[in-house]
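*Asks:* Here's a structure for you.
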Amino acid sequence: MELAEHKEFSEDRIKEIKDAIKEIPELIKNKLCIFVTGSYGRLEASKYSDIDLFFLDTQTNRPTSNIDTVLINAEIIKVCRKLGLSEFSKDGLYLQKHCLGDIKGNLGSPADDYKNFYTARMLLLLESQFLYNEELFNKCVEEIIDSYYVDFHEHTDNFEPIFLANDIIRFWKTLCLNYEHKRRCKEEGDSSNAKNIAHSKNLKLKFSRKLICFSFILKLVNHQGTISKQELANIVRMTPVERLESIQNQHKDSDIDSDIKSIIDDYQWFIDHTQVESQHMLAWIADKNKETRRLKKAISLDKIFIMY
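Numbering (the numbering used here), first residue to last: 4 to 311.
So this is what it looks like as structure tokens:
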């Protein structure tokens with residue numbers, strides 16, 4: 004499937020989920036928004052993709068009760084099963100509710116990391132699509148952007164969101180460190196299948212994880228002059244590939260145009276080999292004859308991002 008076909012597939016499935024969950028009573032009575040991340044958030048899913056959800060609660064005095072949260076989760080799991088979607092990753096471990104106030108208030112604190120506020124905030128900005136309550140979803144995006152614009156009023160003529168850029172770069176470094184930690188925790192006697200799974204995670208780190216971070220950074224770097232909050236919100240609403248394409252459209256018939264085409268072509272190659280049935284992907288990874296090409300593709304992507 005071409006990237007455009009993956010986008011159409013993702014949008015169709017997201018609409019099905021939206022239509023199926025909008026009448027859940029516990030959602031209606033609480034001030035919650037739900038957004039999807041991962042391959043659905045990037046609009047590049049296939050029928051083999053699992054789904055990753057985040058719940059944001061904006062109620063401060065009376066947050067959504069644990070019982071209501073359990074009931075909402077149960078209904079959403081039923082909906083996804085009925086639609087034939089893959090099971091939630093890690094047996095639903097990440098089906099958690101976060102409070103918007105915590106995500107904003109703990110920015111940069113120790114709790115930001117170990118309570119997963121940081122991941123929720125970054126994925127909301129870098130690769131998200133709303134599933135429920137679009138108005139509240141947009142409000143959450145706006146308020147989180149506000150957290151990075153505390154000095155904007157003093158530099159309206161030349162403001163650059165360095166705080167946000169640093170947070171995104173920190174997120175990329177965190178992803179790399181987390182991968183290394185998990186890899187080093189594995190014993191040398193691990194099965195070949197476990198090693199292939201680890202290799203697949205490395206490949207996703209080098210392509211999709213890298214793209215969500217650096218497509219955003221490239222959009223910031225490519226912008227001329229002050230970046231307004233609304234302009235930043237528009238970048239949030241783009242998928243990583245759309246961010247690259249928008250830069251490409253500004254630099255037709257140039258080296259940048261050519262380089263971005265190369266990135267997107269390599270990303271299509273990555274999607275072709277990873278948005279497939281798990282056993283087929285692992286068999287491809289196990290094929291040592293393909294290893295050199297995988298490495299060259301990843302290195303090529305590194306070089307282009309470093310250039311900018």
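Think of the CB as a built atom: it goes at the ideal place given N, C-alpha and C, for glycine as much as any other residue.
Going by alpha carbons, who is nearest to Ser13 out of Ile31, Tyr152 and Asp53?
*Replies:* Asp53
*Asks:* Shorter than 7 angstroms, the distance from the beta carbon of Thr40 to the closest heavy atom of the ligand NAP, or not?
*Replies:* Of the ligands one can find in the structure shown there are none, so the ligand NAP has no counterpart to examine.
*Asks:* Count the other C-beta atoms from every protein chain shown that fall within 10 angstroms of the C-beta of Ser218, then say buried if there are 16 or more, exposed otherwise.
*Replies:* With at least 16 other beta carbons inside 10 angstroms of its own, Ser218 counts as buried.
*Asks:* Could you tell me the boundaries of the beta strand (DSSP E) in which Gln62 lies?
*Replies:* Premise fails: Gln62 is in no beta strand (DSSP E) and is neither H nor E.
*Asks:* Output the distance between the C-alpha atoms of Gln251 and Lys32, rounded to the nearest integer angstrom.
*Replies:* 44 angstroms
*Asks:* Apart from the five residues just before and just after Tyr182, which ones in its own chain have a Cβ nearer than 8 angstroms to its Cβ?
*Replies:* Lys204, Asn205 and Leu208
*Asks:* Using a threshold of 8 angstroms, state whether the C-beta atoms of Ala23 and Val82 are closer than that.
*Replies:* Yes; because the gap between Cβ atoms is below 8 angstroms, this pair is in contact.
*Asks:* Would you give the residue range spanned by the alpha helix (DSSP H) that His276 belongs to?
*Replies:* That run of the alpha helix (DSSP H) goes Asp258 to Thr277.
*Asks:* Are the beta-carbon atoms belonging to Ile267 and Leu285 less than 8 angstroms from one another?
*Replies:* no
*Asks:* Going by DSSP, what residues sit across from Phe57 in a beta bridge?
*Replies:* Phe38
*Asks:* Using a Cβ-Cβ cut-off of 6 angstroms (strictly less than) and excluding sequence neighbours within five positions of Asn225, which residues of its own chain qualify?
*Replies:* Ile250
*Asks:* Give me the Cβ distance between Ile17 and Tyr43, rounded to the nearest whole Å; I'm assuming they're in contact under 8 angstroms.
*Replies:* Confirmed, about 6 angstroms.
*Asks:* Is it right to say Asp94 is buried, meaning 16 or more other beta carbons lie within 10 angstroms of its own, or is it exposed?
*Replies:* exposed
*Asks:* At 4 residues or longer, and completely inside the stretch 98-132: list those alpha helix (DSSP H) runs for me, N to C.
*Replies:* If you keep only unbroken alpha helix (DSSP H) runs of at least 4 residues inside the stretch 98-132, you get 103-108, 113-117 and 120-129.
*Asks:* Starting from Gln233, trace the alpha helix (DSSP H) in both directions and tell me its first and last residue.
*Replies:* Lys232 to Arg240
*Asks:* Classify Leu134 as helix, strand or coil using the three-state DSSP reduction.
*Replies:* strand
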